[in-house]
Amino acid sequence: MSNDFFLVAWLGLILAVAFLGGFGAKKIKQPAVVGYLSVGILLSFVTSRFLPIKDALSFFSEIGIAFLMFTLGLELSWDYLRRVKAIALWGGIIQILLVIILSLFLLPRFGFDFSTSVLMGCAFSLSSTAIVVKILSEKGEVETLPGEIMLGWLLVQDLAVLPMVAILPTLSLGHNFGALALSIIKAAAVLSAVWFLGRNLAPKFIAWVADFGSRELLLIAVVALCLLTAILTSALGLSLALGAFLAGLVISKSSDNHAIFSEIRPLRDLFSIVFFVSLGMFLNPYLLISKIGIILLISLGVILFKFLVVVFLVLYLGYHTKTALIVGLGLTQVGEFAFILSRIGLSAGLIDENSYSLILSVALVTILVTPWLMILAPKLYFLLQKATKPFPKIHQKLFVTVDKFSQPGGLELREHVVVCGHGRVGSWLARALQLLEVPYVVIDYNHQLITELKAKGVNALYGDPADMDVLDYAQVDKAKVVVVAIPDEATQEVVVANCQTLNPEVKIISRIHRKEALARLKTLGVASLIQPEFEAALSIIHRVLQFFGVDKEEIAGKIKRLKIEHGMS
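Structural data, given as structure tokens:
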């Protein structure tokens, strides 16, 4: 049989096992990419000696890299970049540099050369935007303070991929500093030229194609632009991935960028699946087994060091310990761009297949443990809180609000509302209470927010709402109502339990994100539970039934029945 038949057969097999891997990963609540990599590793036992197929698949995986980098550039929002807080900008840059420096210091002691150590440092410094965003979305914590910090931090890391992709291939020139400098200058010149031409011509070209009103023409134009730019940069001595990233970046300001993304996304998803499965296939399975000890050791080192660096930076920049722990545990993994960098390094001769397999293995291990680490964050915070209580100075420094004694005379409130969390829900509640002239106090661990609220004359406390001392200072014992507006379920339960201890008569209202939290919070004594998504659904149902002329009594009956079925009556 011809090689074409074998290639098509292998592609079909890859997509079939990718489905099984993705399905299995979803079943155990892991990101789909973990499933793709895992089945690729299993296939590697068959394909490790079948080089013609591996060479052919590398072509498809290169296209997958191109589309991944193109959509990364397309999705970057320059307006958002201008709003990124100092913590994301400086924290992200310093964290990347520290991981690279530590890699250069430690990895040579394990026998890795300079180029390999640099590439590993770059790869290990990057976290996974896709995985972190997915976990935050599932937990309903995208717009919380830790969620915003993580997203800003990840955005800075994504931008750091650009200079890495441009500079890493030049390391193959070794210590020829003249050639190295010339290569970097050439890279800068090419990038500037592509950027200038793209920013002036690409959006106009895309708009001209879009005016024809043909989705097919728009898709063809976008794919051609992506691949031709990638080929151009590759021909000029730069990486194909860099060209694809630039193509996406230059049209990100186009008014049609959302339509472009929706058109190219199926292609990106298809080829990126082949890319991730092929990554696993290109691993040396026998090396993976023989080097399992060093893989786990490096994985543990990466997780611990990234965690400690991020926690220190977040604390140093003035954020609460709880925020620091959540952000630190959320950014410990090695992300999907490590796969791209390692592939570029392999193609450029910077690393051998053993180092390539090691990088992918470490990334896979750290990705696998990420969901569990992010679930662990609140529990680790409470454990650390208890562990430091015998050491008052450390405990006060890490956990007790810095505002506690900053207001002479303290708070003088009675029959008031304690608002725990000043995010989307808490801020609207506080505004309503202000309009009604109902006394209230806000508790939040976003120091900048609390400073702004206090400047406006709002009773506001900086600290963790789950801290008994903070709740006591908010005078929960004299409060009429406590509203738990924070989304984290573990923290909600502690807040409710502590409020009940301070004031068994207080009425507690809590938001919930998942239906599974209903029974637990009801058992703890919450008077009223609100699920924002469910309440939004009821409002939409009410409007729809009105349009169909259903009378008010029947609408009320249907909504009541839905509440009973949902357990919210």
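Residue numbers (our numbering): 1272 to 1840. All residues carry an ideal CB built from backbone N, CA and C; glycine is no exception.
Three or more Cβ pairs closer than 8 angstroms define a contact, and the region 1561-1568 falls short of that threshold against the region 1288-1301. The shortest CA-to-CA distance from Ala1768 to any of Lys1786, Phe1476, Val1747, Gly1838 is the one to Val1747. With fewer than 16 other Cβ atoms inside 10 Å of its own Cβ, Thr1794 counts as exposed.
Look at Ser1618 here: in three-state DSSP terms it is helix.
When the beta-carbon positions are compared, Phe1467 and Leu1308 stay at least 8 angstroms from each other. Rounded to the nearest angstrom, the gap between the Cα atoms of Pro1758 and Lys1786 is 13 angstroms. In the displayed model, Arg1782 falls within a strand according to three-state DSSP. When only Cα atoms are considered, Glu1534 and Val1305 end up about 25 angstroms apart. Across the set Phe1385, Leu1789, Ala1731, Val1688, the C-alpha of Val1688 shows the shortest separation from the C-alpha of Asn1774.
Contact between the region 1510-1519 and the region 1338-1345 is present: three or more C-beta pairs spanning the two stretches fall below 8 angstroms.
CA-to-CA, the gap between Gly1295 and Ala1289 works out to about 10 angstroms. Going by DSSP, Ile1522 is part of no beta strand (DSSP E) at all; its letter is neither H nor E. Contact between Ser1549 and Ser1329 holds: their C-beta atoms lie close to 7 angstroms from each other, under 8 angstroms. Pairwise C-beta distances place the region 1581-1591 out of contact with the region 1376-1396, as fewer than three of them are shorter than 8 angstroms.
A residue is called buried once 16 or more other Cβ atoms fall within 10 Å of its Cβ, and Tyr1587, having fewer, is exposed. Ranking Ser1523, Phe1653, Leu1430, Pro1803 by CA distance to the CA of Ala1478 puts Ser1523 first. A distance below 8 angstroms separates the beta carbons of Val1580 and Leu1369.
Looking only at Phe1662, Leu1654, Ala1337, the smallest Cα-Cα distance to Leu1499 is reached by Ala1337. Cβ contact annotation for Val1741 (same chain, cutoff 7 angstroms, sequence separation greater than five): Thr1672, Ile1714, Leu1732, Gly1734, Asp1735, in chain order. One Cα belongs to Val1712, the other to Glu1686, and the distance between them is close to 11 angstroms.
Given a length threshold of 3 residues, each whole run of the beta strand (DSSP E) inside the region 1671-1754 is given here in chain order: 1688-1691, 1711-1715, 1731-1733.
Residues of the same chain with a CB within less than 7 angstroms of the CB of Leu1360, apart from the 5 flanking positions on each side, are Val1427 in chain order.
Nearest neighbour of Leu1286 by Cα position, chosen from Gly1616, Phe1316, Leu1472, Val1545, turns out to be Val1545.
In the displayed model, Leu1800 falls within a strand according to three-state DSSP. Straight-line spacing of the CA atoms in Gly1392 and Ile1630 works out to 10 angstroms.
Here the alpha carbons of Phe1331 and Val1279 stand approximately 12 angstroms from one another.
Between Ala1745 and Gly1697, the gap from beta carbon to beta carbon reaches 8 angstroms or more. In this structure Tyr1716 is buried. Its beta-carbon is surrounded by 16 or more other beta-carbon atoms within 10 angstroms.
Nearest neighbour of Leu1706 by Cα position, chosen from Val1729, Gln1366, Pro1537, Gly1828, turns out to be Val1729. DSSP, reduced to helix, strand and coil, places Asp1623 outside both helices and strands of the structure shown, so it counts as coil. Between Ile1365 and Ala1431 the beta-carbon gap is near 12 angstroms, outside 8 angstroms, which marks them as no contact. In this structure Gly1828 is exposed. Its beta-carbon is surrounded by fewer than 16 other beta-carbon atoms within 10 angstroms. Listed in chain order, the non-local C-beta contacts of Gln1771 below 6 angstroms within the same chain comprise Gly1796, local neighbours out to five positions each way being set aside. Close CB contacts of Ala1648 within its chain, under the 6 angstroms cut and outside five residues either way in sequence, are with Leu1596, Ile1597, Leu1600 (chain order). For Pro1661, the number of other beta carbons within 10 angstroms of its own is below 16, and it is reported as exposed.
In this structure, the straight-line span from the alpha carbon of Ile1783 to that of Val1605 is close to 31 angstroms.
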